[in-house]
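FYI, the numbering for the sequence shown is 6 to 501, going by the numbering used here.
Glycine is no exception: its CB is placed at the ideal position from the N, C-alpha and C atoms.
All values reported here derive from a predicted model rather than from experimental measurement.
For reference, the structure discussed in these notes is given below.
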Amino acid sequence: MCGVIGVIGPYNESKVPFWAAYEAYRGLLTLQHRGQDAAGVLSYDKDRRKFYGHKDLGLVSQAITPDQLESCTGNMAIAHTRYATVGTDGVGDLQPMVTGFPFGVGMIHNGNIVNYHSLAQDLGRTYDLQMLTNNDLELMLHLWCQKILEQRGPSNKPITFEHIQSSASTIMEKTKGAYALVGMLAGVGMFGLRDPNGIRPLMIGKRDSENGMEYCLASESLALNFLGFEVLRNVLPGEVVLIDEDGQLQSSVVAKVEKASHCMFEWIYFAGAESTIEDISVYGARLNLGKVLADKTRKAMDRGEINPDFVCPVPDTSRTASIGLAETLGLPYREGLIKNRYIQRSFILNTQDKREKAVELKLSPVRSEIEGRNILLVDDSVVRGTTSKKIIDLLKRFGAKEITLAITCPPLRYGCFYGIDFPAESDLIANGKTEEEIAKWVGANKVIYLEEEEVTRALTTSELCMACINNRYPTDVSEGREFAAKRNKLKNQSHS
6 MCGVIGVIGP YNESKVPFWA AYEAYRGLLT LQHRGQDAAG VLSYDKDRRK
56 FYGHKDLGLV SQAITPDQLE SCTGNMAIAH TRYATVGTDG VGDLQPMVTG
106 FPFGVGMIHN GNIVNYHSLA QDLGRTYDLQ MLTNNDLELM LHLWCQKILE
156 QRGPSNKPIT FEHIQSSAST IMEKTKGAYA LVGMLAGVGM FGLRDPNGIR
206 PLMIGKRDSE NGMEYCLASE SLALNFLGFE VLRNVLPGEV VLIDEDGQLQ
256 SSVVAKVEKA SHCMFEWIYF AGAESTIEDI SVYGARLNLG KVLADKTRKA
306 MDRGEINPDF VCPVPDTSRT ASIGLAETLG LPYREGLIKN RYIQRSFILN
356 TQDKREKAVE LKLSPVRSEI EGRNILLVDD SVVRGTTSKK IIDLLKRFGA
406 KEITLAITCP PLRYGCFYGI DFPAESDLIA NGKTEEEIAK WVGANKVIYL
456 EEEEVTRALT TSELCMACIN NRYPTDVSEG REFAAKRNKL KNQSHS
């Protein structure tokens with residue numbers, strides 16, 4: 006899972022030369038929750054006919070300094086924040102990626118290509134291609150460039166939207182997986198495309214300027230809103246869009262499926278609460294999840310299985326659902342765990358050791374609220390279970406009497422190969438365990454999960470990828486197990 010953003014607009018003497026990169030950087034700050042491993046920015050300066058960029062490990066503000074940002078001149082720029090689910094943690098696998106031949110193109114993307122390894126081997130045999138990184142974006146960059154080169158040849162003929170459609174179609178035909186991709190073509194403009202199932206989000210915004218219309222492509226609406234762009238619409242599943250240097254927007258759906266499969270985890274955990282994904286408010290969806298969860302919880306209360314004194318969220322993501330649950334049940338809402346705002350999101354850290362240490366640092370219990378009380382603890386999901394176990398142990402050390410763990414996501418029993426870091430089923434606590442066994446393992450008196458139908462009802466759409474709970478993948482994932490094994494091997498090598 007990553008955050009992507011791109012900004013393009015007409016030349017304006019009243020603006021600083023690096024305005025597009027600066028706007029992309031500002032928007033990227035609002036997408037920091039989507040990735041904390043690394044960040045990068047890339048601009049194109051038409052007057053100098055040159056790309057400028059920088060990328061490094063760390064948070065956005067750490068990876069890109071003011072001096073580096075000021076060097077990124079030009080009227081279009083893209084920026085990326087990384088949550089590593091493919092490749093290594095090294096600088097070589099960071100985005101954006103850029104090539105100067107057969108023409109200038111820079112790219113960023115959010116997602117995972119499941120058939121990366123076999124496709125890379127095919128390209129190597131067919132074109133004698135040598136991959137320079139372990140990042141699947143490099144593969145898409147090669148596919149894109151090769152297709153345009155085949156159509157246009159080594160000439161000075163202009164690149165047309167038809168060329169771009171064909172390149173997008175090639176990517177969609179050959180790759181299996183999830184991607185929301187944003188790129189720049191030197192002297193042409195900015196483009197975006199989305200996988201045919203629409204697994205990862207991408208939207209378009211526009212705003213007026215003195216010299217014409219400016220556009221923005223971003224993972225979430227909160228970035229557009231922050232920068233003052235009007236949310237125009239979502240990039241459709243299987244669609245490619247082009248905003249040229251004259252501010253003209255062209256689009257075409259080049260691949261279709263019967264039903265979209267948007268990742269349910271966007272609403273449950275990943276997206277910012279302020280965002281709207283697929284025209285569904287993330288905040289409203291989480292509030293609904295809490296209300297639906299309250300119905301199941303009330304039944305357990307009526308049966309005398311639990312007797313909670315108050316509702317307590319695991320901060321931050323589950324706060325909204327906790328409010329909906331507490332209001333529906335008529336129970337007090339208390340924040341018995343206070344989060345250290347300077348600690349990273351623990352789920353998207355890329356090793357188990359880092360995740361466990363982050364939990365220890367980020368949460369401080371409030372003894373006056375916890376001691377001697379029965380707590381209804383609400384979390385958005387339980388993946389490996391180690392975080393929940395540590396939190397429950399912490400609450401008990403501070404005197405909690407009984408703890409019921411209520412979870413807005415159904416049990417995660419199957420791997421994700423589309424950009425969320427749990428591809429190995431053996432890592433998932435719910436795989437092969439009953440709810441009673443899960444409760445015992447994490448130390449709770451009881452666990453309460455939502456079910457698939459209840460999540461669909463709360464999110465008000467059936468166009469969801471829920472493969473991690475029902476084993477129904479929208480694409481072929483036969484290479485997924487091999488993909489996960491090779492990825493883990495690369496990670497182990499980078500940490501050794």
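*Would Asn202 be called buried (16 or more neighbouring beta carbons within 10 Å of its own) or exposed?*
Counting from 1 along the sequence shown, the entry for residue 202 is found at position 197. So Asn202 counts as buried.
*asked:* For Tyr419 and Glu440, what's the separation of their Cα atoms in angstroms?
replied: Here residue 419 is taken as the residue at index 414 of the sequence shown, counted from 1. Here residue 440 is taken as the residue at index 435 of the sequence shown, counted from 1. Rounded to the nearest angstrom, the two C-alpha atoms are 16 Å apart.
*Who are the Cβ neighbours of Arg31 in its own chain at under 8 Å, not counting the five residues just before and after it?*
Numbered from 1 along the sequence shown, position 26 holds the residue referred to as residue 31. Excluding positions up to five away in sequence, the list reads Phe231 and Leu232.
*Beta-carbon separation (whole angstroms), Ser369 vs Asn345, contact threshold 8 Å*: Your numbering for residue 369 matches position 364 in the sequence shown. Your numbering for residue 345 matches position 340 in the sequence shown. Yes, Ser369 and Asn345 are in contact; Cβ-Cβ is about 7 Å, under 8 Å.
*Could you spell out where the alpha helix (DSSP H) holding Ala68 opens and where it closes?*
Position 63 of the sequence shown, counted from the start, is the residue given in the question as residue 68. Per DSSP, Ala68 belongs to the alpha helix (DSSP H) from Val65 to Ala68.
*Looking at the unbroken beta strand (DSSP E) that takes in Val21, where does it start and where does it end?*
The residue given as residue 21 occupies position 16 in the sequence shown. First-last for Val21: undefined, no H or E at that position.
_Identity of the residues DSSP links to Thr409 by a beta bridge_ = For this step, residue 409 is matched to residue 404 along the sequence shown. Note: Thr409 sits in a beta bridge opposite Leu381 and Lys451.
*Check the DSSP bridge columns for His59 and list the partner residues they point to.*
Position 54 of the sequence shown holds residue 59. His59 is bridged to Val46.
*Could you check where the alpha helix (DSSP H) with Ser323 kicks off and where it finishes?*
What you label residue 323 is simply residue 318 of the sequence shown in a count that begins at 1. For Ser323, there is no enclosing alpha helix (DSSP H), as DSSP gives it neither H nor E.
*What is the residue span of the alpha helix (DSSP H) that Pro71 lies within?*
In the sequence shown, counting from the first residue as 1, residue 71 sits at position 66. Note, Pro71: alpha helix (DSSP H), Pro71 to Glu75.
*asked:* Buried or exposed for Ser467, going by 16 or more other Cβ atoms inside 10 Å?
replied: Taking the sequence shown and counting its residues from 1, the one referred to as residue 467 is at position 462. Here Ser467 is exposed. Its C-beta has fewer than 16 other C-beta atoms within 10 Å.
_Own chain, CB closer than 8 Å to Val327, minus 5 neighbours either side, in chain order_ = One-based indexing of the sequence shown puts residue 327 at position 322. It is Ser, not Val, that sits at residue 327 in the sequence shown. The residues are Gly295, Val316, Cys317, Pro318, Tyr338 and Val383.
*Assess, as a yes-or-no matter, whether the segment 260–272 is touched by the segment 468–482 under the definition of 3 or more beta carbon pairs within less than 8 Å.*
Counting Cβ pairs under 8 Å, three or more are found: they touch.
_Along the chain, where does the alpha helix (DSSP H) containing Lys344 start, and where does it finish?_
Along the sequence shown, read from residue 1 onward, the residue named residue 344 stands at position 339. Segment Leu342 to Lys344 is the beta strand (DSSP E) holding Lys344; no alpha helix (DSSP H) there.
*Coarse secondary structure for Gln41, derived from DSSP in three states*: The residue labelled residue 41 in the question sits at position 36 within the sequence shown. Residue state, collapsed to three classes: coil.
_By the three-class DSSP mapping on this structure, what secondary structure does Ser226 have?_
Counted from its first residue, the sequence shown places residue 226 at position 221. Residue state, collapsed to three classes: helix.
*Check whether the Cβ atoms of Pro101 and Gly58 lie closer than 8 Å to each other.*
The sequence position of residue 101 within the sequence shown is 96, counting from 1. The sequence position of residue 58 within the sequence shown is 53, counting from 1. Taking a C-beta distance under 8 Å as the contact criterion, Pro101 and Gly58 qualify as a contact pair.
*For the putative contact between Pro479 and Ser266, defined by C-beta atoms under 8 Å, what is the C-beta separation to the nearest angstrom?*
Against the sequence shown, residue 479 aligns to sequence position 474. Against the sequence shown, residue 266 aligns to sequence position 261. Under the criterion of beta carbons closer than 8 Å, Pro479 and Ser266 qualify as touching, at roughly 4 Å.
*Phe270 in three-state terms, based on DSSP*: Looking up residue 270 in the sequence shown gives position 265. Helix.
*asked:* Do Ile83 and Gly243 have their beta-carbon atoms positioned less than 8 Å apart in this structure?
replied: Position 238 of the sequence shown holds residue 243. Position 78 of the sequence shown holds residue 83. No, they are not a contact pair.
_Close beta carbons around Cys150, own chain, < 7 Å, minus the five adjacent residues each side_ = Looking up residue 150 in the sequence shown gives position 145. Taken in chain order, the residues that qualify are Thr104, Pro107 and Val110.
*Would you decide whether Glu155 is buried or exposed? Buried here means 16 or more other CB atoms lie within 10 Å of its CB.*
What you label residue 155 is simply residue 150 of the sequence shown in a count that begins at 1. Using a 10 angstroms sphere on the CB of Glu155, the tally of other CB atoms stays under 16, which defines it as exposed.
*How would you label Tyr552, buried or exposed, when you count the other beta carbons within 10 angstroms and need 16 or more for buried?*
Because the chain spans 6 through 501 in this model, residue 552 falls outside it and cannot be assessed.
_Simplified DSSP state of Cys7, which is helix, strand or coil_ = Sequence index remark: in the sequence shown, residue 7 carries index 2 (1-based). When DSSP states are grouped into helix, strand and coil, Cys7 belongs to the coil group.
*Quick one: measure Cβ to Cβ for Ile380 and Pro313, integer angstroms, because I've assumed they're closer than 8 Å.*
Numbered from its first residue, the sequence shown carries residue 380 at position 375. Numbered from its first residue, the sequence shown carries residue 313 at position 308. Confirmed, Cβ separation roughly 7 Å.
*Nearest to Arg477 by alpha carbon, out of Ala489, Phe422, Asp385 and Asp284?*
Taking the sequence shown and counting its residues from 1, one reaches residue 477 at position 472. Of the residues Ala489, Phe422, Asp385 and Asp284, the one whose Cα lies closest to the Cα of Arg477 is Phe422.
*What three-state label does DSSP hand Ile204 in the structure shown?*
If you number the sequence shown from 1, residue 204 lands on position 199. Coil.
_Please report the straight-line C-alpha distance between Cys221 and Gly437, rounded to a whole angstrom._
Here residue 221 refers to the residue found at position 216 when the sequence shown is read from its first residue. Here residue 437 refers to the residue found at position 432 when the sequence shown is read from its first residue. Their backbone Cα atoms lie some 44 Å apart in a straight line.
_Less than 8 Å between CB atoms is the rule here; does Ser174 satisfy it with respect to chain D?_
Included in the structure is just one protein chain, with no chain D present.
_Tell me which residue opens and which closes the beta strand (DSSP E) that Tyr184 is part of._
Here residue 184 is taken as the residue at index 179 of the sequence shown, counted from 1. Residues Gly182 to Leu190.
*Locate the alpha helix (DSSP H) running through Cys473, then write down its first and last residues.*
Taking the sequence shown and counting its residues from 1, the one referred to as residue 473 is at position 468. Under the DSSP assignment, Cys473 falls in the alpha helix (DSSP H) whose first and last residues are Ala472 to Asn475.
*Keeping to the same chain, check which residues put their C-beta closer than 6 Å to that of Val371; ignore five residues upstream and five downstream.*
As a working mapping, residue 371 is identified with position 366 in the sequence shown. Only residues of its own chain outside the window of five on either side were considered, and among them Gly341 have a CB closer than 6 Å to the CB of Val371, listed in chain order.
*Near Asn450, which residues of its chain fall below 8 Å by C-beta distance, leaving aside the five closest residues on each side in sequence?*
What you label residue 450 is simply residue 445 of the sequence shown in a count that begins at 1. Here the set comprises Ile311, Glu407, Ile408, Thr409 and Ala444.
*asked:* Which residue marks the beginning of the beta strand (DSSP E) containing Glu244, and which one marks its end?
replied: Here residue 244 is taken as the residue at index 239 of the sequence shown, counted from 1. Following the DSSP letters along the chain, one finds Glu244 inside the beta strand (DSSP E) bounded by residues Glu244 to Asp249.
*So Leu146 and Tyr121 are in contact, right, with Cβ under 8 Å, and what is the actual spacing, rounded?*
Against the sequence shown, residue 146 aligns to sequence position 141. Against the sequence shown, residue 121 aligns to sequence position 116. At roughly 13 Å, the Cβ-Cβ gap does not stay under 8 Å, so Leu146 and Tyr121 are not in contact.
_Can you find the residues in the same chain that come closer than 7 Å, C-beta to C-beta, to Ser172, ignoring five residues on each side of it along the sequence?_
Along the sequence shown, one-based indexing puts residue 172 at 167. Around Ser172: Trp149, Lys152 and Ile153.
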